[in-house]
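One structure below.
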Amino acid sequence: MSDPPLTPEELFQFLDALGIAHSTAIHPPVFTVAEATALRGKLPGGHCKSLFLKDKRGSFWLAVMLEERRTDLNKLAARLGAPRFSFGGSNDLYRILGVRPGSVTPFALINDREHRVTAVLDRDMLANSPLNYHPLANDRTTAISPDDLLRFIAACGHRPRIVDLTDLERGAS
Numbered sequence: 003m004s005d006p007p008l009t010p011e012e013l014f015q016f017l018d019a020l021g022i023a024h025s026t027a028i029h030p031p032v033f034t035v036a037e038a039t040a041l042r043g044k045l046p047g048g049h050c051k052s053l054f055l056k057d058k059r060g061s062f063w064l065a066v067m068l069e070e071r072r073t074d075l076n077k078l079a080a081r082l083g084a085p086r087f088s089f090g091g092s093n094d095l096y097r098i099l100g101v102r103p104g105s106v107t108p109f110a111l112i113n114d115r116e117h118r119v120t121a122v123l124d125r126d127m128l129a130n131s132p133l134n135y136h137p138l139a140n141d142r143t144t145a146i147s148p149d150d151l152l153r154f155i156a157a158c159g160h161r162p163r164i165v166d167l168t169d170l171e172r173g174a175s
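Positions in the sequence shown are counted from 1; adding 2 to them yields this note's numbering.
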């Protein structure tokens, strides 16, 4: 990444310029789904997680899904026609998406100016409104509608793949 990553405030300005409604709750930093669940209180909507993945060929993926999903990465790779997935490293995460571990979010696509990441969205996640993600930092949670999430991703120059993940659970045959 040649330019410095955007701040949450710059992200909010971008959303405002697109006419995208959003609201943000501030909380102590969280690094896991369990920590987020304990701290978020009663924020409405779908609560999500984002996985930064790298395939065997060196391509990068951002899989965004409902937090309770326990997706088998081998099954996900097969569904997407990708070679085996592993988790992307923290250096690649920061270099490409401009965020640190614990702050992975679809909003980080705004920092992927070279379009190196393929976004993958859980179809069932998009049935929830609002959707909740970290806004480039894990000390707050931003709510956005599913349609506005798709508008945001398109405005960042990405075309997400919307995938049914229901049959990709770990342990499911």
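In this text, a Cβ means the ideal position worked out from N, Cα and C, and glycines have one as well. In this text the structure is predicted, and so the values were computed from the model without any measurement.
Counting only the Cα atoms, L75 lies some 17 Å from C50. Shown here, K77 sits in a helix according to DSSP, grouped into three states. About 11 Å separates the beta carbons of P148 and I155, which is beyond the 8 Å limit, so they are not a contact pair. The DSSP-derived three-state label of A23 is coil. Annotation for I155: the continuous alpha helix (DSSP H) segment containing it runs 148-157. Around D166, the same chain offers R125 as residues with beta carbons nearer than 7 Å, after the five sequence neighbours per side are excluded.
For the options A139, G47, F87, the alpha carbon positioned closest to that of P103 is the one of A139. Taken through DSSP and simplified to helix, strand or coil, N134 comes out as strand. Residue nearest to C158 within the set T168, L20, P6 is L20 (criterion: CA-CA distance). Rounded to whole angstroms, I22 and N93 show a C-alpha spacing of 31 Å. Residue H160 holds the alpha-carbon nearest to the alpha-carbon of F109 among T34, L45, H160. Sequence-distant Cβ neighbours of I98 in its own chain, meaning closer than 7 Å and more than five residues away, are M3, F62, D114, R118, V119. Distance from the CA of S25 to the CA of L64, rounded to the nearest whole angstrom, comes to 23 Å.
For the alpha helix (DSSP H) assignment, the uninterrupted runs of no fewer than 4 residues enclosed by the region 62-131 are, from N- to C-terminal side, 75-82, 92-99. L133 sits close to G48, with the two beta carbons spaced by under 8 Å.
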